[in-house]
Amino acid sequence: MDLARLTIHEAAEGLRSKTFSSVELTKSVLDQIAKRDGAVRAYVHVDEEGALASAARADERFEKGSPLSQLDGIPCGLKDVFCTKGLPTTACSNILRDFVPPYDATVVGKLKDAGMVLVGKTNTDEFTCGSSTESSCFGPSHNPWDLERTPGGSSGGSAAAVAADECIYALGTDTGGSIRQPAAYCGITGLKVTYGRVSRFGVISMASSLDSIGPLTKDARDAAIVLKAIAGHDPHDTTTPQLDIPDYLNSLGQPCLNGLKIGLPKEYFSEALNPEVAQLVRDAAAVLEKEGAILKEVSLPLTPSALAVYYIICPSEVSANMARYDGIRYGPGPEAVAKGAELELEEYYRQARGEGFGPEMKRRIMMGTYALSSGYYDAYYKKAQQVRTLIIQDFQRAFEEVDILLAPTTPTPAFKLGEHTSDPVQMYLEDVFTVAINCAGLPSLALPCGFSSEKNLPVGFQLIGPQFGESRLLQAGAYYQTLTQWHQMRSQIAMPS
Amino acid sequence: MKLTKEQVAHVANLARLGLTDEELERYAHELSGIVGYVEQLESVDTQGVAATAQVTGLSTILREDAELKKPLAEPAELLNCSQRFDEQSGQIIVPNVF
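Line by line, the protein sequences give chains E and U. If you count the first sequence from 1, position 213 lands on 214 in the numbering used here, and the numbers rise without skipping. If you count the second sequence from 1, position 79 lands on 62 in the numbering used here, and the numbers rise without skipping.
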């Protein structure tokens, strides 16, 4: 049996029945990394020793019959923006290349308390800014379904690691689609949570009003298990409301679709959408309809503006968040200084930042600084914030008519590495179906729903709910996965050789 | 709108971002493309619409008025992330401002 292929719930069962140990499970995952990661490049740092030590401790707990949780002893990959005490956390940027955090992010602490076996840190676009992992200072990850293609981004390393069985589950962040788009491209399940549902403390910020944290998993049940472990209020993050955490595992896999009103936003089935992707997403909707769901076309008229809103608000907040990377508190500082030159402070900043940031970060810092600068603020940032209000109202109206929304996750299957690197606007268009959900702070569950006929690449759809409506999305998603097998498909590259 | 190289240089200075001449040219071109794209928002009527800065519905969140718990990391550990941390004085030394 190839243990690395298991889901969390399968592995948890095997550990409890002592069919295998956490050390065996972890070794299977590390073996998979040794075989595959030279080609996939999902990880930027693998902590083999730490993982095996955690696994041995988990096995002791299983021996005593007192595991900490369903996640106890299960190997996990973390996107390299989650602060991990004593382990490098680089945001895949040269400016943080040597950074080793002195404490854990809140979610990392929660997962450690739940018994996580941390395998390593996964690749991301620099500071999570991108849709392909190509802006990582370590170079891109490769899609396990076709190594010439991107796994998506920015959580592309996490998605590729899950799809290639190089971990049992992973965490990522989603600011404009960075969990859902790579989940779709890699044929796995990804959950973007309601803004504030999961603490962001200790996770390197990109755009603070849009950032969210969530799991990338092999099925919806696993996403529910991870969410249960990481959700909730955190005194260190004032944007996390003190709301009860529902039992996300409750009634998963049970029929739940009878009478469920599902809206298909017509603007998401526009000309931008590849016809084959459109058909596969409609097929997924038909599966749900057959089980009693009521499909209804709805309209979100502001959809075409959402990307423009995003590409003002996001870089503006990026430029503010990146101000702290000045080569003094973090980063190596200018090369000239290392060689002995003395620089006046402002010149020190200019050189440290100019050398430390890659091209996409510079582009966003420049765009954000421009949009926030005197004389342009009202025309760009304020205008975008106003249109953001209208986008939120669009969704509120839709949720008066339907319970959840169903839409494609991406306009096309995974594109080739290098295909969009010379044209930023074309790259940004990859996010056209995901960014509005972040603008409104809604939860969205991305699920696989088929393969493109020509290239055999995964295609996905997303279920979108009102704020804090994760339970219903997970129930619908888990039930969909009892009716379909798309989530069980594995790429040939990820198969044991 | 087409951004000039001079405008881009001004923005780079505001951002304290050292760019080469070649980068200034490139970003003038690329930012013009992005600005051109986002200017479509001009056609959206936002008369009287409030701006959304955050979506939590929360406001003025204060911590409990109680003794702080043990910090997650000691000050020296946090400062030690800086390459310019001076252990002897316990401070980060920055270049002269004047």
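Cβ atoms here follow ideal geometry from the backbone N, Cα and C, with glycine treated the same way. No experiment lies behind these values; they were computed from the predicted model shown.
For this session: Label Gln486 of chain E either buried or exposed according to how many other C-beta atoms from any shown protein chain fall within 10 Å of its C-beta, with 16 as the threshold for buried.
Result: exposed
Problem set entry | Chain-ordered chain U contacts of Met428 of chain E [CB-CB under 7 angstroms] | Ordered by position in chain U, no residue passes the 7 angstroms Cβ test against Met428 of chain E, which lies about 11 angstroms from the chain.
Exercise. Buried or exposed: Ala33 of chain U, going by 16 or more other Cβ atoms within 10 Å of its Cβ?
Worked result: exposed
Exercise. Helix, strand or coil: which one does DSSP assign to Asp220 of chain E?
Worked result: coil
Exercise. Under 8 angstroms Cβ-Cβ, which residues of chain E neighbour Leu51 of chain U?
Worked result: Under the 8 angstroms cutoff, chain E gives no residues; its nearest Cβ is about 10 angstroms from Leu51 of chain U.
Problem set entry | Min CB distance Glu70 of chain U to chain E below 8 angstroms | Answer no: the Cβ-Cβ gap between Glu70 of chain U and chain E never drops below 8 angstroms.
Exercise. Leaving out five residues before and five after Phe462 of chain E in sequence, what residues of the same chain have Cβ atoms less than 7 angstroms from its Cβ?
Worked result: Val282, Ala285, Leu407, Ala408, Pro409, Thr410, Leu448 and Cys450
Exercise. Rounded to a whole number of angstroms, what is the C-alpha to C-alpha distance between Ile75 of chain E and Val80 of chain U?
Worked result: 51 angstroms
Exercise. In three-state terms, what does DSSP make of Ser252 of chain E?
Worked result: Correct three-state label for Ser252 of chain E: coil.
Problem set entry | Chain-ordered chain U contacts of Tyr378 of chain E [CB-CB under 9 angstroms] | Under the 9 angstroms cutoff, chain U gives no residues; its nearest Cβ is about 11 angstroms from Tyr378 of chain E.
Exercise. What is the DSSP secondary structure of Asn322 of chain E, counted as helix, strand or coil?
Worked result: helix
Exercise. Given 8 angstroms as the limit, is there contact between the region 32 to 41 of chain E and the region 164 to 174 of chain E, that is, 3 or more CB pairs closer than that?
Worked result: yes
Exercise. Got a sec: is the Cβ-Cβ distance from Gln387 of chain E to anything in chain U below 8 angstroms?
Worked result: yes
For this session: Given a cut-off of 8 angstroms, decide if Leu446 of chain E and Leu475 of chain E are closer than it, judged by their beta-carbon atoms.
Result: Against a cut-off of 8 angstroms, the Cβ pair of Leu446 of chain E and Leu475 of chain E comes out as a contact.
Problem set entry | Residue from E:Lys111, E:Cys315, E:Ser23 and E:Thr239 whose Cα sits closest to the Cα of Glu47 of chain U | Ranking the options by Cα distance to Glu47 of chain U, first place goes to E:Thr239.
Exercise. Alpha carbon to alpha carbon, what distance is there between Thr218 of chain E and Asn63 of chain U?
Worked result: 36 angstroms
Exercise. Does the region 70 to 87 of chain E touch the region 119 to 136 of chain E, meaning 3 or more C-beta pairs lie closer than 8 angstroms?
Worked result: Yes: the two stretches touch, three or more of their Cβ pairs being nearer than 8 angstroms.
For this session: Provide the residue(s) that pair with Gln74 of chain U in DSSP beta bridges, ordered along the chain.
Result: U:Asp69
Problem set entry | Proximity test, Cβ basis, 8 angstroms: Gln255 of chain E and chain U | no
Exercise. Any idea what DSSP makes of Gly1 of chain U, helix, strand or coil?
Worked result: coil
Exercise. What's the gap between the Cα of Leu55 of chain U and the Cα of Thr(-13) of chain U?
Worked result: 47 angstroms
Exercise. Taking only beta-carbon atoms, is Gly1 of chain U less than 8 angstroms away from chain E?
Worked result: yes
Problem set entry | Residues sharing a beta bridge with Ile214 of chain E, DSSP | E:Thr174
For this session: Could you pull out every residue in the same chain whose Cβ sits closer than 6 angstroms to the Cβ of Gly264 of chain E, ignoring the five residues on either side in sequence?
Result: Lys297, Val299, Ala399, Val403 and Leu406
Problem set entry | Proximity winner among E:Val426, E:Ala115, E:Gln489 and E:Cys187, relative to Asp1 of chain E (alpha-carbon distances) | There is no way to answer for residue 1 of chain E, as the model of chain E reaches only from 2 to 498.
Exercise. Where do the ends of the alpha helix (DSSP H) carrying Ser23 of chain E lie?
Worked result: Membership of Ser23 of chain E in the alpha helix (DSSP H) is indicated by the continuous run Ser23 to Val41.
Exercise. Roughly how many angstroms separate the alpha carbons of Pro266 of chain E and Gly177 of chain E, rounded to a whole number?
Worked result: Taking the straight line from one Cα to the other gives about 18 angstroms.
Problem set entry | Bridge partners - Ser445 of chain E, DSSP secondary structure assignment | E:Lys193 and E:Ile465
Exercise. Can you tell me whether DSSP reads Pro58 of chain U as helix, strand or coil?
Worked result: helix
Exercise. In chain order, which alpha helix (DSSP H) runs of at least 4 residues are fully inside the region 392 to 452 of chain E?
Worked result: Every alpha helix (DSSP H) of 4 residues or more that sits fully in the region 392 to 452 of chain E is shown, in chain order, as 425 to 429 and 436 to 441.
Problem set entry | Short CB-CB distance (under 8 angstroms) between Glu5 of chain U and chain E | Contact of Glu5 of chain U with chain E is not assigned, every C-beta pair being separated by 8 angstroms or more.
Exercise. Are the C-beta of Glu167 of chain E and some C-beta of chain U separated by less than 8 angstroms?
Worked result: Taking Cβ atoms only, chain U never reaches closer than 8 angstroms to Glu167 of chain E, which makes this a no.
Exercise. On the three-pair Cβ rule with 8 angstroms, is the region 421 to 433 of chain E touching the region 127 to 145 of chain E?
Worked result: yes
For this session: Please name the residue or residues paired with Asn144 of chain E in a DSSP beta bridge.
Result: E:Asp147
Problem set entry | Gly334 of chain E burial status per 10 Å Cβ neighbour count (16 or more: buried) | buried
For this session: Indicate the three-state DSSP secondary structure (helix, strand or coil) for Asp281 of chain E in the structure shown.
Result: The sequence as given places Leu at residue 281 of chain E; Asp does not occur at that position. The answer is helix: DSSP assigns Leu281 of chain E an H, G or I state.
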